[in-house]
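See below for the structure under consideration.
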Amino acid sequence: MSRNRHVRPQSVIISMIVALMLAIAPMPGWADAFRPDWVTLTLIYWAMNLPRSYSVGWAWIIGLILDVAQGTLLGQYALALSLVIYVTVTFHLQMRQFPALQLSVTVFGLLALYQFILFWINGVAGVNTPAVSYWGPVLTGSLIWPLLTMLYGGVRDRARN
Amino acid sequence: MAPAQVERRHRSPYSPALGLRFLLLAGLSILFLVIDHRNNHLDAVRKAIGATVYPLRVVVDAPVSLWRWVVDTTASRNELRLENSRLNVERLLTRARLQRYAALEAENTRLRTMLEATARVRDRARVAEIMSVSSNPFRHVLVVDKGTRDGVFDGQALIDADGIVGQIIEAGVLSSQGLLISDPDHALPVEVNRNGLRTIAVGTGEFDRLVLPFLPNNADIREGDLLVTSGLGGAFPAGYPVAIVNSVIRIPQEPFAAVSAQPSAALNQVREIMLIWSAIDQAPDEAAAADAPESVAGGEATDE
Numbered sequence: 012m013s014r015n016r017h018v019r020p021q022s023v024i025i026s027m028i029v030a031l032m033l034a035i036a037p038m039p040g041w042a043d044a045f046r047p048d049w050v051t052l053t054l055i056y057w058a059m060n061l062p063r064s065y066s067v068g069w070a071w072i073i074g075l076i077l078d079v080a081q082g083t084l085l086g087q088y089a090l091a092l093s094l095v096i097y098v099t100v101t102f103h104l105q106m107r108q109f110p111a112l113q114l115s116v117t118v119f120g121l122l123a124l125y126q127f128i129l130f131w132i133n134g135v136a137g138v139n140t141p142a143v144s145y146w147g148p149v150l151t152g153s154l155i156w157p158l159l160t161m162l163y164g165g166v167r168d169r170a171r172n
Numbered sequence: 055m056a057p058a059q060v061e062r063r064h065r066s067p068y069s070p071a072l073g074l075r076f077l078l079l080a081g082l083s084i085l086f087l088v089i090d091h092r093n094n095h096l097d098a099v100r101k102a103i104g105a106t107v108y109p110l111r112v113v114v115d116a117p118v119s120l121w122r123w124v125v126d127t128t129a130s131r132n133e134l135r136l137e138n139s140r141l142n143v144e145r146l147l148t149r150a151r152l153q154r155y156a157a158l159e160a161e162n163t164r165l166r167t168m169l170e171a172t173a174r175v176r177d178r179a180r181v182a183e184i185m186s187v188s189s190n191p192f193r194h195v196l197v198v199d200k201g202t203r204d205g206v207f208d209g210q211a212l213i214d215a216d217g218i219v220g221q222i223i224e225a226g227v228l229s230s231q232g233l234l235i236s237d238p239d240h241a242l243p244v245e246v247n248r249n250g251l252r253t254i255a256v257g258t259g260e261f262d263r264l265v266l267p268f269l270p271n272n273a274d275i276r277e278g279d280l281l282v283t284s285g286l287g288g289a290f291p292a293g294y295p296v297a298i299v300n301s302v303i304r305i306p307q308e309p310f311a312a313v314s315a316q317p318s319a320a321l322n323q324v325r326e327i328m329l330i331w332s333a334i335d336q337a338p339d340e341a342a343a344a345d346a347p348e349s350v351a352g353g354e355a356t357d358e
């Protein structure tokens with residue numbers, strides 16, 4: 012995978028900042044339930060393509076920032092994100108070989124895992140939440156994934172030159 | 055293709071280092087979760103990370119601010135005149151109501167002196183702007199643009215023109231997080247304005263519904279009753295409107311009635327809210343009090 016050799020760290024960092032901003036941007040209530048997990052998707056993308064540079068450590072720090080921004084228990088997003096990225100890095104070679112549809116299904120699974128961890132921690136901490144509301148971001152996230160890969164692929168190719 | 059050749063600066067993801075790192079971070083997360091759930095020892099960490107989030111919030115808020123600025127500056131003269139006359143009428147009405155209120159307040163003070171009760175004192179208020187609301191549907195949190203620098207403290211009450219909005223849960227230096235009364239984790243002591251019946255109003259996670267789960271079937275409560283803060287919990291000053299009861303269902307075989315109420319404040323529409331300093335809390339400075347709308351009388355509440 013020598014094509015990934017020279018992605019500038021600035022591009023990655025900017026993409027993460029933009030993802031964080033999208034995650035905290037105010038939206039009308041109905042749209043909120045379907046807001047894709049921009050941060051998770053971005054982290055999955057970079058972890059899949061540059062697993063040695065952007066791995067669980069990054070995921071954990073970004074997760075802590077999300078925890079503070081969302082006002083959740085400190086460590087909730089950090090744990091969910093680092094688990095998802097751990098799985099991604101472990102299987103990154105397989106995932107790179109997947110055709111687009113299969114990759115989207117995999118991302119669906121990863122997002123579901125992510126939401127499950129959040130749901131679980133909420134349950135243990137006694138925050139009662141309707142389980143059905145966790146599925147919106149998973150659906151929109153895996154639908155938006157192909158577009159995101161195209162966008163980031165463009166960023167990556169330009170950054171390489 | 056050989057990975058070792060390509061990205062040789064870093065260790066291979068297959069080495070035990072990745073699993074070890076993950077386990078370490080997961081353990082640390084769980085430790086954080088437990089500590090954070092039990093008490094507030096991690097406030098310093100939260101504040102430090104919060105400071106890095108602040109610029110992001112400002113940037114995210116910029117388009118909205120810009121739009122408001124554009125609307126404000128391009129409003130036509132005619133619109134401004136209309137608004138002006140409307141506001142003038144409103145001001146007259148409010149003043150008329152205030153006159154009556156002043157008389158009532160004087161009477162109240164007199165009666166209280168006669169009863170040798172403690173005199174109620176005026177609260178101070180200061181307007182704050184909402185920078186963002188939490189995107190997490192299970193956590194009704196908003197961020198306001200005032201922090202400890204402006205005298206904001208943890209537990210401070212937030213109101214809008216119609217009633218209680220929530221309370222500050224985390225006062226940062228430049229911005230603070232507030233929890234709305236509709237958050238499922240939030241409960242506040244209220245009393246029925248009509249007869250002084252005291253109970254607890256609990257958030258549901260829906261912006262337009264609170265529930266009163268601890269009222270027995272024979273409690274004297276009916277639809278249309280106004281709930282006001284009782285001030286008994288210590289966090290909220292007494293006497294501010296909270297919600298209006300919109301459904302009372304008495305279930306004979308259950309010990310408690312199912313009562314729900316609609317918050318008086320428009321929780322998901324407010325843009326400007328007011329921070330309340332009860333007389334016992336120190337207001338930040340006299341200037342702040344001067345530019346604030348001299349607010350409603352109420353609280354004998356203490357800082358929690």
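Which chain is which? The protein sequence lines are A and B, in order.
Basically my numbering = 1-based index in the first sequence + 11.
Basically my numbering = 1-based index in the second sequence + 54.
Ideal Cβ placement from N, Cα and C applies to all residues, glycine included.
Counting C-beta pairs closer than 8 angstroms gives fewer than three between the region 153-171 of chain B and the region 192-202 of chain B, which falls short of the contact rule.
Secondary structure note for residue 295/B: its beta strand (DSSP E) is the uninterrupted segment 295-303.
A straight line joining the alpha-carbon of residue 21/A with that of residue 138/B spans about 50 angstroms. Taking 3 residues as the minimum length, the beta strand (DSSP E) runs contained wholly in the region 121-203 of chain B are 178-187, 195-198, in order along the chain.
Using a CB distance below 8 angstroms, the part of the region 14-46 of chain A facing chain B consists of 15, 16, 28, 31, 32, 34, 35, 36, 37, 38, 40, 43, 44, 46, ordered along the chain. Put simply, of 26/A, 80/A, 19/A, 43/A the residue whose alpha carbon is nearest the alpha carbon of residue 147/A is 43/A. By the CB criterion at 8 angstroms, residue 83/A and residue 145/B fall outside the cutoff. Nearest to residue 143/A by C-alpha distance, out of 156/A, 114/A, 123/A, 153/A, is 123/A. Around the C-beta of residue 292/B, 16 or more other C-beta atoms lie within 10 Å, and the residue is accordingly described as buried. Distances from the alpha-carbon of residue 102/A to those of 89/A, 118/A, 141/A put 118/A closest.
When DSSP states are grouped into helix, strand and coil, residue 316/B belongs to the strand group. Going by C-alpha positions, residue 159/A is about 12 angstroms away from residue 48/A.
Spanning the alpha carbons of residue 325/B and residue 319/B requires a straight line of approximately 11 angstroms. From the beta-carbon of residue 79/A, the residues of chain B found nearer than 8 angstroms are 100, 103, 104, 107. Here residue 331/B is bridged, per DSSP, to 178/B. For residue 225/B, the three-state secondary structure derived from DSSP is strand. Within the same chain, Cβ atoms closer than 6 angstroms to the Cβ of residue 149/A are found at 122, 123, 126, the five residues on either side in sequence being excluded.
With a cutoff of 8 angstroms on beta-carbon distance, residue 92/A and residue 74/A are scored as near each other. Shown here, residue 119/B sits in a helix according to DSSP, grouped into three states.
By DSSP's assignment, residue 310/B forms a beta bridge with 270/B. A straight line joining the alpha-carbon of residue 258/B with that of residue 56/A spans about 36 angstroms. Not flagged as an interface residue toward chain B: residue 124/A, since no C-beta distance is shorter than 8 angstroms. In the structure shown, residue 235/B falls within a coil segment according to DSSP collapsed to helix, strand and coil. Using a Cβ-Cβ distance cut-off of 8 angstroms, the region 213-232 of chain B and the region 63-72 of chain A are not in contact, since fewer than three pairs of beta carbons, one from each stretch, lie closer than that value.
With fewer than 16 neighbouring CB atoms inside 10 Å of its own CB, residue 116/A falls in the exposed class.
DSSP places residue 20/A in the uninterrupted alpha helix (DSSP H) bounded by 20-35. In this structure, the alpha-carbon of residue 227/B lies about 17 angstroms from that of residue 81/A. Annotation: residue 177/B has no Cβ neighbours in chain A at a cutoff of 7 angstroms; minimum Cβ distance is about 26 angstroms.
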